[in-house]
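Residue numbers (my numbering): 1346 to 1685. What follows is a short report on a single structure.
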């Protein structure tokens, strides 16, 4: 395994004002204080203004705030001048909003992905990591379908780079616990109400912390050969357990699944198993025709092909987050004042 070193490097994060973008920023400055430039690229000027109060240029001279939209390729090309590493986190992410506004989701998640790829190819970018989602695996909603398309675009970008040494890879993971718009902040806000709304009592999701997501991005930046979809080995949680952890005294009222939702999420399907390798801490779905020496890849990472028919599903997972573990996580990562 290669160790990442961003000291002296230039990095750009699309969607950099989001939960993961801010977590990446915090870790980059903590671990590589001599990073040469860190560009926060996003379209929301208010979020940039707020983030600049936490990370002012007077204290963090490497930081740059760049207002722009991934739908605008020319703006991306301008922002990527002199950039070596790109982390693509910008996306339209809410399932039900994507169902209601499909063309807007496509413009951001698909056209935006193409724009990022071509902007990287037209500049001096060396490594690109795109963030995916478990909903991209066997998608039933538009959001998942757009992210699957985005994944395919980033993987295929390795085929059109010519002699350019750039490497494109993808990291795919489940719900980020405690992130903006996720179920924990929602249930915490609903504690004042008479009940907590449960879409379906059978519902499960994969769980990863913000730091776990950041670790995956750093791993891919350092170790990707080009074309991998990295998937973490992470626990699942039951939606009813999250409600119990937050408000055990409240009734749980079943309100029904929202448009485009699944009962369980998958990150590897049986069809993916023919190209999926166990790499220890992570799985990696490789291109069907890799552009590199497979034997050398397997030897370097100790990678082993998973059994035919293997799948990775939040409902059949072997590792689960308990109610007590959920409470500990909420106190330590989301709301230090939280008590039951």
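All C-beta atoms in this analysis are idealised placements derived from N, C-alpha and C, irrespective of residue type, glycine included. Just so it is clear, the structure is predicted and the values come from calculations on it, not from any experiment.
- Measuring C-alpha to C-alpha distances from residue 1631 to each of 1558, 1389, 1532, 1513 identifies 1513 as the nearest.
- Assignment of beta-bridge partners to residue 1596 by DSSP yields 1540.
- With fewer than 16 other Cβ atoms inside 10 Å of its own Cβ, residue 1667 counts as exposed.
- In the structure shown, residue 1475 adopts extended strand secondary structure according to DSSP, grouped into three states.
- Excluding residues up to 5 positions away in sequence, 1555, 1559 lie with their Cβ nearer than 6 Å to the Cβ of residue 1368 in the same chain.
- Secondary structure at residue 1609: coil, using DSSP grouped into helix, strand and coil.
- Sequence-distant partners of residue 1422 (beyond 5 residues in either direction) whose C-beta falls short of 7 Å from its own C-beta, in its chain, are 1464, 1467, 1468.
- The alpha-carbon separation between residue 1651 and residue 1664 amounts to approximately 18 Å.
- Cβ contact annotation for residue 1627 (same chain, cutoff 8 Å, sequence separation greater than five): 1561, 1564, 1575, 1576, 1577, 1578, in chain order.
- If you ignore the 5 residues before and after residue 1683, its C-beta comes within less than 6 Å of the C-beta of 1675, 1676, all in its own chain and listed in chain order.
- In this structure residue 1525 is exposed. Its beta-carbon is surrounded by fewer than 16 other beta-carbon atoms within 10 angstroms.
- The shortest CA-to-CA distance from residue 1573 to any of 1435, 1535, 1599, 1496 is the one to 1496.
- Within the model, the alpha-carbon separation for residue 1544 versus residue 1599 is close to 6 Å.
- For residue 1446, no beta strand (DSSP E) encloses it, and the DSSP letter there is neither H nor E.
- Its Cα nearest to that of residue 1658, the residue 1613 stands out among 1639, 1622, 1636, 1613.
- Secondary structure of residue 1419 (DSSP, three-state): helix.
- Here residue 1357 is bridged, per DSSP, to 1384, 1431.
- Burial check for residue 1547: the Cβ neighbour count within 10 Å stays below 16, so the residue is exposed.
- Membership of residue 1529 in the alpha helix (DSSP H) is indicated by the continuous run 1528-1535.
- When the Cα atoms are used, residue 1528 and residue 1662 turn out to be separated by approximately 20 Å.
- If you draw a 10 Å sphere on the C-beta of residue 1636, you find fewer than 16 other C-beta atoms in it, and that means exposed.
- Nearest C-alpha to residue 1588 among 1393, 1487, 1539: 1539.
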